[in-house]
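Student: Numbering (this note's numbering), first residue to last: 10 to 265.
Just so you know, even glycine gets a beta-carbon here, dropped at the ideal spot from N, CA and C.
Treat the numbers as computed from the prediction; the structure is a model and nothing was measured.
Next up, the structure:
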């Protein structure tokens, strides 16, 4: 089986699951309050930012801090548990398939699910922006190039975090502990971006990029320069290391 065939098989496994509903619920939970409280974007308390950009960034703030990481945690557990029900893991291990390739195929599906959630968030933003534009007679709609560029950057920044969560799910077979550790790791991310070693904590990467976008929209409030060094090499190293561990450990308990 080649890699693309494995990805296709994994997508078929989740076709009838409720995983897409799980991805949609956080998006709705974040954007409905933003639409209901859109008037707060006119009271900026001296911060030099336009209401439409404040609406966009504030709406995504809860997404990048908690909802996207939490969705990754839940999706990693669901993807691993699909193989542990009905002895699915043992059945797959009996096939002439590389476990490392299989592990990477599942991780690819995880990234695809994250991309779907990002697209849902963009769609929810434009729906809410159109509603509040009509309500307040003020355009809250930003140009698609700006929105897509910002969200794409957040998506790329989430890849190292996804790799870490995937490694945790392959190490810890008990779903409760895997979810608990993952969710607990989300809380310090806001604090970590204000430290000198923020780049060593991948859960803070999406929030860091959103704060960069906020700094560019509100001049003088936050740093506007991305510290590529040492962030980029550290992020790549964390991703490669986490995936290497995942490939080495995937299905290890069932192979005993």
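Just to confirm the assignment, what range does the alpha helix (DSSP H) spanning residue 108 have?
Tutor: Along the chain shown, read from residue 1 onward, the residue named residue 108 stands at position 99. Its alpha helix (DSSP H) spans residues 108 to 145.
Student: By the three-class DSSP mapping on this structure, what secondary structure does residue 67 have?
Tutor: Against the chain shown, residue 67 aligns to sequence position 58. Helix.
Student: Would you say residue 41 and residue 227 are within 8 Å of each other, going by their C-beta atoms?
Tutor: By one-based count along the chain shown, residue 41 stands at place 32. By one-based count along the chain shown, residue 227 stands at place 218. No, the Cβ-Cβ distance between residue 41 and residue 227 is not below 8 Å.
Student: Count the other CB atoms within 10 Å of the CB of residue 155; is the residue buried (16 or more) or exposed (fewer)?
Tutor: Here the question's residue 155 lines up with position 146 in the chain shown. It is exposed - the Cβ of residue 155 has fewer than 16 other Cβ atoms within 10 Å.
Student: Within 10 angstroms of its Cβ, does residue 152 collect 16 or more other Cβ (buried), or is it exposed?
Tutor: For this step, residue 152 is matched to residue 143 along the chain shown. Exposed, because fewer than 16 other Cβ atoms sit within 10 Å of the Cβ of residue 152.
Student: Let me make sure I understand the geometry here. Which of 256, 111, 171, 208 has the alpha-carbon closest to that of residue 15?
Tutor: As a first step, residue 15 must be located in the chain shown, where it is residue number 6. Out of 256, 111, 171, 208, 111 has the C-alpha closest to the C-alpha of residue 15.
Student: Beta-carbon within less than 7 Å of residue 269's beta-carbon, same chain only, minus the 5 sequence neighbours each way: which residues are those?
Tutor: Residue 269 is absent from the model: the chain starts at 10 and stops at 265.
Student: Quick check: residue 123 and residue 164, are their CB atoms within less than 8 Å of each other?
Tutor: Here residue 123 refers to the residue found at position 114 when the chain shown is read from its first residue. Here residue 164 refers to the residue found at position 155 when the chain shown is read from its first residue. Cβ distance < 8 Å, so residue 123 and residue 164 count as in contact.
Student: Hey, how far is the Cα of residue 162 from the Cα of residue 106?
Tutor: Taking the first residue of the chain shown as 1, we reach residue 162 at position 153. Taking the first residue of the chain shown as 1, we reach residue 106 at position 97. Roughly 34 Å separates the two Cα atoms.
Student: I need the DSSP call for residue 13, collapsed to helix, strand or coil.
Tutor: Taking the first residue of the chain shown as 1, we reach residue 13 at position 4. Helix at residue 13.
Student: For the alpha helix (DSSP H) that contains residue 55, what are its first and last residues?
Tutor: Translated into positions along the chain shown, residue 55 becomes position 46. It is not in any alpha helix (DSSP H) - residue 55 carries neither H nor E in the DSSP assignment.
Student: So, helix, strand or coil for residue 183, using DSSP?
Tutor: Within the chain shown, numbered from 1, the residue matching residue 183 stands at position 174. Coil, per DSSP.
Student: In angstroms with no decimal places, state the Cα-to-Cα distance between residue 27 and residue 157.
Tutor: Numbered from 1 along the chain shown, position 18 holds the residue referred to as residue 27. Numbered from 1 along the chain shown, position 148 holds the residue referred to as residue 157. Each residue's Cα considered, the two are about 26 Å apart.
Student: Give, in chain order, every unbroken run of the alpha helix (DSSP H) that is at least 4 residues long and sits entirely within the region 162 to 232.
Tutor: If we require 4 residues or more, the alpha helix (DSSP H) runs fully inside the region 162 to 232 come out as 184 to 195, 198 to 201, 214 to 226.
Student: Give a yes or no on whether the C-beta atoms belonging to residue 118 and residue 19 are separated by under 8 Å.
Tutor: Numbered from its first residue, the chain shown carries residue 118 at position 109. Numbered from its first residue, the chain shown carries residue 19 at position 10. Contact flag set, yes.
Student: Apart from the five residues on each side of it in sequence, which residues of its chain come closer than 7 Å, Cβ to Cβ, to residue 139?
Tutor: The residue given as residue 139 occupies position 130 in the chain shown. So the list reads 150, once near-sequence residues are dropped.
Student: For residue 238, which three-state DSSP category applies?
Tutor: In the chain shown, counting from the first residue as 1, residue 238 sits at position 229. Correct three-state label for residue 238: helix.
Student: Within 10 angstroms of the Cβ of residue 218, are there 16 or more other Cβ atoms? Answer buried if so, exposed if not.
Tutor: Position 209 of the chain shown, counted from the start, is the residue given in the question as residue 218. Residue 218 is buried by the Cβ-count criterion.
Student: Considering only their Cβ atoms, is the gap separating residue 130 from residue 36 smaller than 8 Å?
Tutor: Position 27 of the chain shown, counting from 1, holds the residue named residue 36. Position 121 of the chain shown, counting from 1, holds the residue named residue 130. Cβ distance < 8 Å, so residue 36 and residue 130 count as in contact.
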